[in-house]
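These notes are about the structure you will find just below.
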Amino acid sequence: MEQPINVLMVGAGEYTVGFVPTKEGAASDKSAGVIAITLMDLRRLGKVQRLVLCDRSGRHFPAVRDTIKRKIQDVYRDMDVTIETHPADEVEEDNTAYLAAMAGMRPGDMVTIFTPDHTHYPIALAAIQRGLHVLIAKPAVKSLQHHHHLVQAAAEKGVLVAVEFHKRFDPIYTDARDRIRGLGPFAFFSSTMTQPKKQLHTFAGWAGRSSDISFYLNSHHIDFHAWSVQGQSRPMVVVASAARGKANEVLRDVLGERGGGGAAATQEDHGVGEGAGENAGLVEGKEAEGDPVGSVDVEDAITLMVQWQNKGGSCGTALYTASWIAPPTDCHTQQYFHYMGHQGEVRVDQAHRGFTMATDAAGFATLNPLYMKYTPDAAGRFAGQLGYGYRSIAEFVTAAQCINSKKLTPEVVESSEMIATIGSSACLLTTAILEAGRKSLDMAGAPISIEYNEEGRPIVLMPVSP
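According to numbering that gives the first Met the number 0, the stretch in the sequence shown is residues 0 to 465, in order.
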């Protein structure tokens with residue numbers, strides 16, 4: 000058996016521990032978080048040893064520990080929830096807390112980064128430079144330049160760096176990808192992902208300032224599409240359009256209630272959760288110092304229109320749409336896609352698996368335990384090991400262990416094409432499309448061309464001349 004691995008979790012919010020300090024609370028599909036509960040179960044199974052949790056502010060840790068106790072320790076038998084935290088509880092704010100936490104790790108240990116998009120790059124680079132394996136929330140980073148830097152750094156250190164695109168482990172998406180490979184040249188792809196307005200309460204610390212809904216949600220299906228046609232087709236031109244109005248209204252109300260979203264606001268402003276707020280001091284976006292409420296400018300929905308070119312010379316087109324102004328529905332995220340090749344098509348409605356439930360307390364809901372199964376088994380133990388949210392993390396842990404024992408190399412892991420390694424073609428193309436989409440929006444919908452080097456890797460984004 001491989002030696003157990005130590006793990007540092009950077010970001011102490013919704014996706015990591017299910018902690019969101021708003022009246023809406025954590026989303027229904029990740030109510031107890033995903034990262035910590037998975038790693039604690041892997042510790043029970045002997046694959047993980049020491050767990051460390053880092054956040055920008057220590058003031059939240061008493062509430063975080065209480066959340067872990069209520070949602071994990073009190074719910075499941077035999078679950079050791081022991082965890083070290085950085086910085087100390089009395090620390091109001093420390094933008095570099097992750098560096099101190101990494102100093103206590105050893106080469107070959109692992110880091111998960113579930114923080115706002117704009118903070119991924121500096122945290123990941125610091126971890127790589129210390130010889131740590133890194134699993135990053137999607138999107139990997141916000142620019143091709145940063146992406147290539149991480150690829151180079153990971154290669155130099157011989158560590159595994161990947162993006163947690165968990166849809167790759169959904170059995171329906173995995174099978175769809177394998178079927179798509181046999182449908183001939185790519186012709187058309189359309190995807191939609193929408194979440195309710197309450198997500199803007201969770202993400203008020205960064206939405207419209209340092210990232211957008213396309214980076215946050217479109218990244219899922221862009222990766223799936225790029226993964227499905229990897230080696231057969233590549234994106235050439237991106238044009239973006241957006242709807243505006245409602246999200247700005249919601250955010251201004253939220254930030255106004257919090258006193259302008261300043262340093263004493265709520266935890267998502269301080270660095271927690273999938274895209275919720277680690278190291279906000281590193282903001283590189285549109286955040287204004289003097290008027291944080293007035294500086295908000297966030298799209299309701301973003302659609303990326305992408306022209307793809309197939310190996311044989313034919314072309315395909317894709318539409319990726321994401322929004323966070325939907326009303327409450329039967330599930331947290333409405334999501335579906337349609338793929339058409341020259342020889343057939345595939346349609347997947349991921350939100351609806353034919354499993355519904357209604358209770359007096361919660362009303363009607365569509366359930367998806369294929370992602371995360373939180374209901375304990377008959378013996379009272381956690382039983383979510385088959386969920387694709389769980390597997391996405393567990394497979395990375397196993398790969399990192401095998402690299403440490405010299406049974407695998409990062410290159411071999413990348414060749415398997417399941418884990419979304421940072422240097423893989425699909426991962427690079429996803430970053431290129433997302434960044435090109437943002438550039439297009441900032442240039443009033445101008446077409447942005449993706450330029451490639453001799454090795455066929457995207458390197459430069461250029462506005463298309465009229």
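No residue lacks a Cβ here, since even glycine has one placed at the ideal position from N, Cα and C.
(request) Provide the residue span of the alpha helix (DSSP H) that contains isoleucine 36, from first to last. (result) By 1-based counting over the sequence shown, the position of residue 36 is 37. Element bounds for isoleucine 36: 34-43.
(message) Between Ala11, Ala35, Arg42, Ile36, which has its C-alpha nearest isoleucine 4's C-alpha?
(response) Counting from 1 along the sequence shown, the entry for residue 4 is found at position 5. Out of Ala11, Ala35, Arg42, Ile36, Arg42 has the C-alpha closest to the C-alpha of isoleucine 4.
(message) On the CB-based measure, 16 or more other CB atoms within 10 Å of its CB, does glycine 311 come out buried or exposed?
(response) Taking the sequence shown and counting its residues from 1, the one referred to as residue 311 is at position 312. Glycine 311 should be labelled exposed.
(message) Within 8 Å, do at least three Cβ pairs link the segment 135-147 to the segment 311-331?
(response) no
(message) Taking the straight line between their C-alpha atoms, what separation do you get for valine 412 and isoleucine 418?
(response) Here the question's residue 412 lines up with position 413 in the sequence shown. Here the question's residue 418 lines up with position 419 in the sequence shown. Those two C-alpha atoms are separated by around 7 Å.
(request) Counting only the same chain and skipping the five closest in sequence on each side, list residues whose C-beta sits under 7 Å from that of glutamine 308. (result) Within the sequence shown, the letter at position 309 stands for residue 308. If we look at glutamine 308 and ignore the five residues flanking it on each side, its Cβ neighbours are Ser232, Arg233, Met235, Cys314.
(message) Less than 7 Å between C-beta atoms, sequence neighbours within five positions excluded: which residues of the same chain meet that for threonine 408?
(response) By 1-based counting over the sequence shown, the position of residue 408 is 409. Cβ neighbours of threonine 408 beyond the five flanking positions: Ile402.
(request) Determine the contact status of isoleucine 392 and leucine 38, defining contact as a CB-CB distance below 8 Å. (result) For the purposes of this step, residue 392 is identified with residue 393 of the sequence shown, where counting begins at 1. For the purposes of this step, residue 38 is identified with residue 39 of the sequence shown, where counting begins at 1. Going by C-beta atoms, isoleucine 392 is nearer than 8 Å to leucine 38.
(request) Quickly, what does DSSP pair valine 498 with across the bridge? List them, please. (result) Nothing about residue 498 can be reported from this structure: the residues present for the chain run from 0 to 465 only.
(message) I need the straight-line Cα distance from alanine 99 to alanine 445, nearest angstrom please.
(response) Residue 99 sits at position 100 when you count from the first residue of the sequence shown. Residue 445 sits at position 446 when you count from the first residue of the sequence shown. Distance between the alpha carbons of alanine 99 and alanine 445 is about 43 Å.
(message) Just to check my reading of the structure: threonine 66 and phenylalanine 18 have Cβ atoms closer than 8 Å, yes? What is that Cβ distance to the nearest angstrom?
(response) Translated into the one-based positions of the sequence shown, residue 66 becomes position 67. Translated into the one-based positions of the sequence shown, residue 18 becomes position 19. The Cβ separation is near 4 Å, so the contact holds.
(request) Count the other CB atoms, across all protein chains shown, that sit within 10 Å of the CB of alanine 153; report buried if there are 16 or more and exposed otherwise. (result) Here the question's residue 153 lines up with position 154 in the sequence shown. It counts as buried.
(request) Measuring alpha carbon to alpha carbon, tell me which of Ile179, Val110, Asp211 ends up nearest alanine 11. (result) In the sequence shown, counting from the first residue as 1, residue 11 sits at position 12. Of the listed residues, the one whose Cα sits closest to alanine 11 is Val110.
(message) Check whether the segment 224-231 and the segment 171-188 touch, using three or more Cβ-Cβ pairs below 8 Å as the test.
(response) yes
(message) Along the chain, where does the alpha helix (DSSP H) containing tyrosine 373 start, and where does it finish?
(response) On the sequence shown, residue 373 is found 374 positions in, with the first residue counted as 1. Where tyrosine 373 is concerned, there is no enclosing alpha helix (DSSP H), given that its DSSP letter is neither H nor E.
(message) Can you look up isoleucine 418 in the DSSP assignment and give me helix, strand or coil?
(response) Counting from one through the sequence shown, the residue named residue 418 turns up at place 419. The answer is coil: DSSP assigns isoleucine 418 none of H, G, I, E or B.
(message) If the criterion is Cβ atoms closer than 8 Å, does the pair valine 297 and asparagine 217 meet it?
(response) Here the question's residue 297 lines up with position 298 in the sequence shown. Here the question's residue 217 lines up with position 218 in the sequence shown. No, the pair does not count as a contact, with Cβ atoms beyond the cut-off.
(message) So, with DSSP's three-state summary, where would you put glycine 57?
(response) Translated into positions along the sequence shown, residue 57 becomes position 58. Correct three-state label for glycine 57: helix.
(request) Grab the span of the alpha helix (DSSP H) containing histidine 482 for me, first residue to last. (result) Outside the modelled stretch of the chain, which goes from 0 to 465, sits residue 482, for which no answer is possible.
(message) What would DSSP say about asparagine 403, mapped onto helix, strand or coil?
(response) For the purposes of this step, residue 403 is taken as the residue at position 404 of the sequence shown. Of the three classes helix, strand and coil, the one that applies to asparagine 403 here is helix, per DSSP.
(message) Only counting the same chain, and skipping five residues up and downstream in sequence, which positions put a Cβ closer than 6 Å to that of asparagine 367?
(response) In the sequence shown, residue 367 corresponds to position 368, counting from 1. Counting only Cβ-Cβ distances below 6 Å, and skipping sequence neighbours, we find Arg352.
(message) Does leucine 385 pass the burial test, meaning 16 or more other C-beta atoms within 10 Å, or should it be called exposed?
(response) For the purposes of this step, residue 385 is identified with residue 386 of the sequence shown, where counting begins at 1. By the neighbour-count rule (16 or more Cβ atoms within 10 Å), leucine 385 is not buried but exposed.
(message) Please list the terminal residues of the continuous alpha helix (DSSP H) segment that includes methionine 467.
(response) Summary: the structure shown does not reach residue 467, with the chain confined to residues 0 through 465, and so no result is reported for it.
(message) Can you give me the C-alpha to C-alpha distance between serine 213 and alanine 242, rounded to a whole angstrom?
(response) Taking the first residue of the sequence shown as position 1, residue 213 is located at position 214. Taking the first residue of the sequence shown as position 1, residue 242 is located at position 243. Spanning the two alpha carbons is a distance of roughly 12 Å.
(request) Assign aspartate 54 to buried or exposed, taking buried as 16 or more other Cβ atoms, counted over all protein chains shown, within 10 Å of its Cβ. (result) Residue mapping note: residue 54 aligns to position 55 of the sequence shown, counting from 1. Per the 10 Å Cβ criterion, buried.
(message) I need the DSSP call for alanine 275, collapsed to helix, strand or coil.
(response) By one-based count along the sequence shown, residue 275 stands at place 276. For alanine 275, the predicted model reports a pLDDT of 38, less than 50, meaning its position is unreliable and no value from the coordinates is stated.
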